[in-house]
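Step one of this worksheet: look at the structure below.
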Amino acid sequence: MKLDIIGDTHGCYEEFKQLTEQLNYVWTDDIPVHPDGRKLAFVGDITDRGPHSLKMIEIVWKLWKKQDAFYVPGNHCNKLYRYFLGRKVQITHGLETTVAELKALSFKKENHVKKMFMELYESSPLYHILDDGKLVIAHAGIREDYIGKQNKSVEKFVLYGDITGEFHDNGMPVRRDWAKHYKGKALIVYGHTPVDKPRRVGNTINIDTGAVFGGKLTALRYPENETISVPSSLPFIQEKFNKID
Ligand SMILES: [Mn+2]
């Protein structure tokens, strides 16, 4: 299985397009197709904050429908899903940009996007175990003892990470560094916490290089285990990047 795993896109369609072109995908009918049959995988958080969230939903849905992509949900995906269910969610922390894009559409088009996203979300596992267990893709990462399990604790972990319930002064939740304690054999590929450059700790790699905060959009080529990044076109916001190492 040959994959290109894409970090948190958050509506950064231009960067996504550039990155896939650098990975030798050819865009046909508005989706990237690889001449050698490589597939894409997304670590989640495809929407919110960035300029083209709905385009990302459409592309990921189309690829997934053709079985040309794997997708796992992130916390922003989970919130958008709850919004579509009609639950009371706060239209903040980036969801406001996605909702504004939706509101600019006709009712029919809005409903079409909603249907695509809900189908994608409902059909996707909390995390993917691929390549005979050698690869795990989870939005915020996963503890070794959670691999293979499905419950509320696992869901919370893969969506939000190892959060303590406390917050930093800048409003960001305090997260424990689970990767430092991970001793498993499977390679864990994740995102969620923006870092300046792909962060490898043991058998884990964080590929969220903060595209939506003016950093980079990164892909991990698997099984080559090489990263490739393109710079973001958006303004750089230093305080959004995690400094812990
Ligand atoms: Mn996230």
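Count along the sequence shown from 1, add 171, and you get the number used in our numbering. In this text, a Cβ means the ideal position worked out from N, Cα and C, and glycines have one as well. Model, not experiment: these values are computed from the prediction.
Asked, Found
"Residues of its chain near Trp-235, where Cβ-Cβ distance is below 7 Å and the 5 sequence neighbours each way are ignored", "Tyr-242 and Leu-291"
"His-283: CB within 7 Å of a non-hydrogen atom of ligand 1", "no"
"Sheet register partners of Ser-400 (DSSP bridge)", "Thr-389"
"Simplified DSSP state of Lys-414, which is helix, strand or coil", "coil"
"Cβ-Cβ distance between Gly-355 and Glu-315 below 8 Å", "yes"
"Between the CA atoms of Ile-217 and Met-227 - distance to the nearest angstrom", "6 Å"
"Check: Asn-147 C-beta below 7 Å from any heavy atom of ligand 1", "Any answer about residue 147 is impossible in this case: the structure gives the chain only from 172 up to 416."
"For Glu-337, the first and last residue of its enclosing beta strand (DSSP E)", "333–338"
"Any non-hydrogen atom of ligand 1 within 7 Å of Ala-309 CB", "no"
"Environment of His-264 [buried if 16+ CB atoms lie within 10 Å]", "exposed"
"Cβ pair Thr-191, Pro-203 closer than 8 Å", "yes"
"Distance between His-181 and Thr-380 (C-alpha atoms, nearest Å)", "12 Å"
"Under 8 Å between C-beta atoms of Leu-391 and Ser-400", "no"
"Residue environment, Pro-406, which counts as buried when at least 16 other CB atoms sit within 10 Å", "exposed"
"Test item: CB-CB of Gly-151 and Cys-248 under 8 Å", "Residue 151 lies beyond the range of the chain shown here (172 to 416); nothing can be said about it."
"Spatially closest choice to Phe-288 from Asn-377, Leu-297, Asp-340 and Lys-233, by CA coordinates", "Lys-233"
"Counted within 10 angstroms of its Cβ, other Cβ atoms place Asn-246 as buried (16 or more) or exposed", "buried"
"Contact test: His-264 Cβ vs ligand 3 heavy atom, cutoff 7 Å", "As far as ligands go, the structure on display features ligand 1 and does not contain ligand 3."
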